[in-house]
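Participant: So the mapping is simple: the working numbering equals the position in the sequence shown, first residue as 1, plus 29.
Ideal Cβ placement from N, Cα and C applies to all residues, glycine included.
Just so it is clear, the structure is predicted and the values come from calculations on it, not from any experiment.
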Amino acid sequence: MSRSNKKGPYIDEKLLKKIQRQKDTHRREPIKTWARACQIPPEFVGHTFQIHNGRTFIEIYITEAMVGHRLGEFAPTRTFRGHGRIVKRLITKT
Numbered sequence: 030m031s032r033s034n035k036k037g038p039y040i041d042e043k044l045l046k047k048i049q050r051q052k053d054t055h056r057r058e059p060i061k062t063w064a065r066a067c068q069i070p071p072e073f074v075g076h077t078f079q080i081h082n083g084r085t086f087i088e089i090y091i092t093e094a095m096v097g098h099r100l101g102e103f104a105p106t107r108t109f110r111g112h113g114r115i116v117k118r119l120i121t122k123t
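1. Tell me, which residues are paired with Y90 by DSSP?
2. For G111 and T85, I'd like the C-alpha separation in whole angstroms.
3. Tell me which residue opens and which closes the alpha helix (DSSP H) that I40 is part of.
4. Assuming contact is defined by CB atoms lying nearer than 7 Å, are G83 and T106 in contact in what I supplied?
5. Over the uninterrupted beta strand (DSSP E) stretch that includes K61, give me the two end residues.
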């Protein structure tokens with residue numbers, strides 16, 4: 030189910046405060062976050078986030094095309110190692 034429209038988008042308040050602090054001091058350091066469910070508002074554009082994927086932090090630069098998506102969409106949690114491999118079998122005479 031999606032979030033109710035009357036509630037509005039979920040945006041982590043701590044992240045908004047960190048963005049405001051960065052805009053006031055004009056420093057562009059990556060912001061470390063575990064808030065994967067946070068939606069990306071237009072205020073985040075141009076900032077760099079380090080999003081936790083369960084094991085490491087993945088550095089993501091926010092662009093205008095990402096607005097409206099979730100932070101967790103850009104930090105995959107699973108490693109794809111490929112589908113089944115073709116194994117060469119030897120036929121032996123018994």
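Facilitator: In terms of the structure at hand:
1. The count along the sequence shown starts at 1 and reaches residue 90 at position 61. Paired residues: T77.
2. The residue you call residue 111 lines up with position 82 of the sequence shown. The residue you call residue 85 lines up with position 56 of the sequence shown. Using only the alpha carbons, I get a separation of about 21 Å.
3. Residue mapping note: residue 40 aligns to position 11 of the sequence shown, counting from 1. Annotation: I40 is outside any alpha helix (DSSP H) and is labelled neither H nor E by DSSP.
4. Here residue 83 refers to the residue found at position 54 of the sequence shown. Here residue 106 refers to the residue found at position 77 of the sequence shown. The answer is yes: Cβ separation under 7 Å.
5. Walking along the sequence shown from the start, residue 61 turns up at place 32. K61: member of the beta strand (DSSP E) spanning 60-62, first to last residue.
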